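Student: Chains as they are written, first to last, in this note's numbering: chain P, 6 to 270; chain G, 6 to 270.
Shown next as C-alpha cells:
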C-alpha cells in the first residue's frame with residue numbers, strides 16, 4: 006500500500022505508478038477522463054474465435070485494441086504500455102476457474118499470447134460524474150455490483166455464456182440523463198440494456214451480485230443495468246477455457262486515450 | 006364523419022382535408038413523418054408573457070412558430086396554412102375554463118390574436134414507431150394519458166401552473182431506446198423527464214389521467230413520462246386567463262416540417 010501517493014492524473018502516469026507493483030486496488034477514480042479497459046489474454050489458438058465473439062457481442066465486448074501475438078505492447082492504446090505489468094492485479098484462469106491473482110504476469114508470458122482490451126464502464130462513469138450524477142459505488146469505494154443475467158451472449162466457437170451486467174442505482178431523472186450520456190460511448194458499453202425491473206433479466210436478488218459488492222437501491226431510485234466487461238470472465242468460466250488471463254476485480258488497464266476519443270457525437 | 010376517406014400522407018394534404026370540417030378526431034396517425042404542433046392562441050396583451058413562459062419551460066413548451074398579431078397564417082410552418090380552420094377541433098377557454106369546442110374559429114378571430122405553435126410528442130411517436138417500438142395508446146386509438154405533476158413550471162407574468170406529462174408504458178429496453186430517440190427532438194419535448202416511479206412526481210393513480218384516456222401498464226413494462234404540450238392548458242386553467250383558444254384533445258396542427266427538420270443529431 007502507498008496511501009500517501011498522489012492519485013495519477015494521466016493514463017501514462019497511472020500505468021507507471023501501477024507498474025511499480027505496490028498498489029492492487031481499484032482504478033475507478035484514477036486518471037479521470039482517460040479511457041480504461043477490461044483485459045483478456047488468450048493463446049493464439051483461441052484468438053480468432055474470441056474476436057468473433059466480441060464482434061457478435063459488441064455491448065459487453067467493445068474492442069479497443071488487440072496486440073500482435075507474443076507482443077506485450079499496444080502502442081495505439083498507450084505510449085510504452087506493457088500489458089504484463091501495468092494493471093494493479095491480474096486473474097489467471099485455468100479450466101474455467103480462477104487459479105491465482107497476481108500483480109504482474111511477467112513469469113506467465115508466452116510467445117503465443119494475444120491481448121484484447123475491451124471498453125469499460127469506468128470511462129462513462131467519469132462522464133456521468135462530470136455531469137453531476139453521483140455514483141454510490143464510487144463514493145463507497147467498492148467495485149460496482151455486476152450480475153449474470155438470463156440473456157445469453159451470441160456464441161462463437163468455444164465461447165458461450167451469459168451476459169453480465171453492472172448495476173447503478175439512480176434517481177429516474179438521472180437514469181434518463183445517464184442513458185443520454187452513455188449512448189455517446191459505444192466503446193464503453195454504450196446505453197444501458199435494462200432498467201427498473203431486474204427480475205425480467207433473471208436477477209433475483211440485487212443484494213447478491215456475482216461480481217463486485219452490493220450497493221443500496223433507495224426508494225427514490227431505480228436500478229439501471231449496463232452490459233459489463235466482466236462478461237468475458239463469465240464466458241471463460243462457462244466455456245471452461247484451459248488458460249486465460251484477465252484483469253482483477255475493478256483493476257483495469259488505463260490507456261492514453263481520452264474519453265472524447267470514444268464519443269460518437 | 007368521413008370514415009372512407011384516405012388517411013392524408015403529407016402535412017398539407019392533412020390540413021386541406023381537416024379544413025373541410027368533417028373530421029373532429031385525433032391527428033395521431035396522420036401524415037407520418039410530418040411535425041405536429043400544440044396550439045395556443047392569445048390576445049396580444051398576453052403574448053410577450055407567454056413567450057417568456059415558453060422560454061423558461063422549453064421541455065413542455067418548445068416553440069415552433071409564432072404568428073404576427075391578427076394574421077392567421079404561419080408560412081414557415083405550412084404553405085397556405087390557416088390556423089383558424091386547419092385543426093380538427095379547437096377549445097375556447099374563458100376565465101380558465103373550457104367554454105366551447107368548435108371545429109373552426111373563423112367567427113372568433115380578432116385582429117389582436119397571436120398564435121403559438123408548440124412541439125408535440127406525436128412527432129417523436131412517429132420516430133419511435135419507425136424503430137419498431139409499439140405504442141399502446143395509438144394501437145387502441147385513444148389520446149395518450151397525461152397527468153398534472155407536483156413539479157411547478159417556472160412562472161412568467163400571469164402564467165403559472167403545474168407541469169403536465171404524458172405517459173407511455175414501455176418495456177425497459179424500449180424505454181432506453183425511446184430515451185435515445187426522443188433526445189434527438191428537443192423541438193418535440195425531447196427526452197423523458199421521469200420513468201418508473203410515478204409517485205415521486207405526484208402521480209397517485211395511473212388509471213386517472215387529467216387529460217386523455219388511461220392505458221394499461223403491464224407487468225413487464227415501466228411507465229415513461231414526457232413533458233406534455235397540454236401544460237399550457239393546465240396553466241391557462243390555473244392562471245384563470247380571461248380568453249384563450251387551444252387545440253382540442255389530440256387534435257393537433259399538422260405542419261409541412263419533416264421530423265428530420267427537428268433532429269439535432
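Virtual Cβ for every residue (Gly too), placed ideally from N, Cα, C. Small disclaimer: the values here were computed from a predicted structure and weren't measured.
Could you please give the first and the last residue of the uninterrupted alpha helix (DSSP H) stretch that includes residue 174(G)?
Tutor: The residue given as residue 174(G) occupies position 169 in the second chain. Not the alpha helix (DSSP H): residue 174(G) falls in the beta strand (DSSP E), residues 167 to 175.
Student: Check the DSSP bridge columns for residue 106(G) and list the partner residues they point to.
Tutor: What you label residue 106(G) is simply residue 101 of the second chain in a count that begins at 1. In the DSSP output, where bridge partners are listed per residue, residue 106(G) has 96(G).
Student: Taking only beta-carbon positions, decide if residue 14(P) is within less than 9 Å of chain G.
Tutor: What you label residue 14(P) is simply residue 9 of the first chain in a count that begins at 1. No, residue 14(P) does not count as interfacial toward chain G.
Student: Quick check on residue 247(G): does DSSP put it in helix, strand or coil?
Tutor: Counting from 1 along the second chain, the entry for residue 247(G) is found at position 242. Under the three-state reduction of DSSP, residue 247(G) is assigned to coil, being neither helix nor strand.
Student: With 9 Å as the threshold, decide whether the Cβ of residue 188(G) is near any Cβ in chain P.
Tutor: One-based indexing of the second chain puts residue 188(G) at position 183. Answer yes: the Cβ-Cβ gap between residue 188(G) and chain P drops below 9 Å somewhere.
Student: Counting only runs that start and end within the stretch 67 to 93 of chain G, where is the beta strand (DSSP E) found for 3 or more residues in a row?
Tutor: 68 to 71
Student: Ignoring anything shorter than 3 residues or poking outside the stretch 118 to 196 of chain P, list the beta strand (DSSP E) runs there in chain order.
Tutor: 118 to 124, 151 to 157 and 167 to 175
Student: Checking the sheet assignment: what are the DSSP bridge partners for residue 228(G)?
Tutor: Locating residue 228(G) in the second chain gives position 223, where the first residue counts as 1. As computed with DSSP, residue 228(G) is found in a beta bridge with 174(G).
Student: Could you tell me the alpha carbon to alpha carbon distance between residue 236(P) and residue 244(P), rounded to whole angstroms?
Tutor: For the purposes of this step, residue 236(P) is taken as residue 231 along the first chain, with counting starting at 1. For the purposes of this step, residue 244(P) is taken as residue 239 along the first chain, with counting starting at 1. Cα to Cα, residue 236(P) sits roughly 12 Å from residue 244(P).
Student: Beta-carbon of residue 202(P) versus every beta-carbon of chain G: anything under 9 Å?
Tutor: On the first chain, position 197 is the one that residue 202(P) refers to. Cβ-Cβ to chain G under 9 Å: yes for residue 202(P).
Student: Kindly indicate which three-state DSSP category residue 22(P) falls into: helix, strand or coil?
Tutor: Taking the first residue of the first chain as 1, we reach residue 22(P) at position 17. Three-state DSSP puts residue 22(P) in a helix.
Student: Based on Cα-Cα distance, which residue from 144(P), 131(P) and 75(P) lies nearest to residue 115(P)?
Tutor: Residue 115(P) sits at position 110 when you count from the first residue of the first chain. Comparing Cα positions, the closest option is 75(P).
Student: Between the stretch 106 to 131 of chain P and chain G, which residues of the former have CB atoms less than 9 Å from a CB of the latter, in chain order?
Tutor: none
Student: Please classify residue 221(P) as buried or exposed, where buried requires at least 16 other C-beta atoms within 10 Å of its C-beta.
Tutor: Here residue 221(P) is taken as the residue at index 216 of the first chain, counted from 1. Classification for residue 221(P): exposed.
Student: Under 7 Å Cβ-Cβ, which residues of chain P neighbour residue 199(G)?
Tutor: Here residue 199(G) is taken as the residue at index 194 of the second chain, counted from 1. Simply 177 and 178.
Student: Apart from the five residues on each side of it in sequence, which residues of its chain come closer than 6 Å, Cβ to Cβ, to residue 92(P)?
Tutor: Counting from 1 along the first chain, the entry for residue 92(P) is found at position 87. Cβ neighbours of residue 92(P) beyond the five flanking positions: 252, 256 and 258.
Student: Near residue 7(P), what residues of its chain come up, given a Cβ to Cβ distance below 7 Å and the 5 sequence neighbours on each side ignored?
Tutor: For this step, residue 7(P) is matched to residue 2 along the first chain. Note on residue 7(P): pLDDT 45, under 50, position unreliable in the model; no value is reported.
Student: What are the residues that DSSP puts in a beta bridge with residue 198(G)?
Tutor: Residue 198(G) sits at position 193 when you count from the first residue of the second chain. DSSP, once it has assigned bridges, lists no residue as partnering residue 198(G).
Student: Does residue 182(P) come within less than 9 Å of chain G when only Cβ atoms are used?
Tutor: In the first chain, counting from the first residue as 1, residue 182(P) sits at position 177. Yes, residue 182(P) counts as interfacial toward chain G.
Student: Between the stretch 150 to 166 of chain P and the stretch 210 to 218 of chain P, do at least 3 Cβ pairs fall closer than 8 Å?
Tutor: yes
Student: Residue 270(P) versus chain G: which residues are under 7 Å apart at the beta carbon?
Tutor: Working through the first chain from its first residue, we reach residue 270(P) at position 265. Within 7 Å Cβ-Cβ: 270.
Student: If you measure between the beta carbons of residue 139(P) and residue 231(P), is that distance less than 9 Å?
Tutor: Residue 139(P) sits at position 134 when you count from the first residue of the first chain. Residue 231(P) sits at position 226 when you count from the first residue of the first chain. Against a cut-off of 9 Å, the Cβ pair of residue 231(P) and residue 139(P) comes out as no contact.
Student: To the nearest angstrom, how far is it from the Cα of residue 269(G) to the Cα of residue 260(G)?
Tutor: In the second chain, the residue the question calls residue 269(G) occupies position 264. In the second chain, the residue the question calls residue 260(G) occupies position 255. For residue 269(G) and residue 260(G), the distance between alpha carbons rounds to 18 Å.
Student: Rounding to the nearest angstrom, what Cα-Cα distance links residue 239(P) and residue 65(G) in this structure?
Tutor: For the purposes of this step, residue 239(P) is taken as residue 234 along the first chain, with counting starting at 1. For the purposes of this step, residue 65(G) is taken as residue 60 along the second chain, with counting starting at 1. Using only the alpha carbons, I get a separation of about 45 Å.
Student: Suppose you measure from the CA of residue 13(G) to the CA of residue 31(G); what does that come to, to the nearest Å?
Tutor: As a first step, residue 13(G) is located in the second chain; it is residue number 8 there, counting from the start. As a first step, residue 31(G) is located in the second chain; it is residue number 26 there, counting from the start. Linking residue 13(G) to residue 31(G) through their CA atoms gives a straight-line distance of about 13 Å.
Student: Would you list, in chain order, the members of the stretch 221 to 249 of chain P that have their beta-carbon closer than 7 Å to a beta-carbon of chain G?
Tutor: 225 and 227
Student: Please state if the CB of residue 101(P) and the CB of residue 196(P) are separated by a distance shorter than 9 Å.
Tutor: Stepping through the first chain from its first residue, residue 196(P) is reached at position 191. Stepping through the first chain from its first residue, residue 101(P) is reached at position 96. Contact: no.
Student: May I have the straight-line CA-CA distance separating residue 129(P) from residue 18(P), to the nearest angstrom?
Tutor: Translated into positions along the first chain, residue 129(P) becomes position 124. Translated into positions along the first chain, residue 18(P) becomes position 13. Rounded to whole angstroms, residue 129(P) to residue 18(P) spans 20 Å at the Cα level.
Student: Does residue 16(G) come out as helix, strand or coil in the three-state DSSP assignment?
Tutor: Position 11 of the second chain, counted from the first residue, corresponds to residue 16(G). Correct three-state label for residue 16(G): helix.
Student: Taking its Cβ as the centre, do 16 or more other Cβ atoms sit within 10 Å of residue 9(G), making it buried, or is it exposed?
Tutor: For the purposes of this step, residue 9(G) is taken as the residue at position 4 of the second chain. Note that residue 9(G) scores 48 on pLDDT, short of 50, meaning its location in the model is unreliable and no value can be drawn from it.
Student: Decide if residue 183(G) is buried, meaning its Cβ has at least 16 other Cβ atoms within 10 Å, or exposed.
Tutor: Position 178 of the second chain, counting from 1, holds the residue named residue 183(G). Residue 183(G) is buried by the Cβ-count criterion.
Student: To the nearest angstrom, report how far apart residue 154(P) and residue 22(P) are at their CA atoms.
Tutor: Your numbering for residue 154(P) matches position 149 in the first chain. Your numbering for residue 22(P) matches position 17 in the first chain. Approximately 36 Å, taken between the alpha carbons.
Student: Do you know how far the Cα of residue 103(G) is from the Cα of residue 96(G)?
Tutor: As a first step, residue 96(G) must be located in the second chain, where it is residue number 91. As a first step, residue 103(G) must be located in the second chain, where it is residue number 98. Going by the C-alpha atoms only, they are around 6 Å apart.
Student: Helix, strand or coil for residue 9(G), going by three-state DSSP, please let me know.
Tutor: Along the second chain, read from residue 1 onward, the residue named residue 9(G) stands at position 4. Below a pLDDT of 50, predicted positions are generally treated as unreliable, and residue 9(G), at 48, falls in that range; no measurement from the model is reported.
Student: Specify the secondary structure class of residue 263(G) as computed by DSSP and reduced to three states.
Tutor: Working through the second chain from its first residue, we reach residue 263(G) at position 258. In this structure, DSSP gives residue 263(G) an extended state, which the three-state scheme calls strand.
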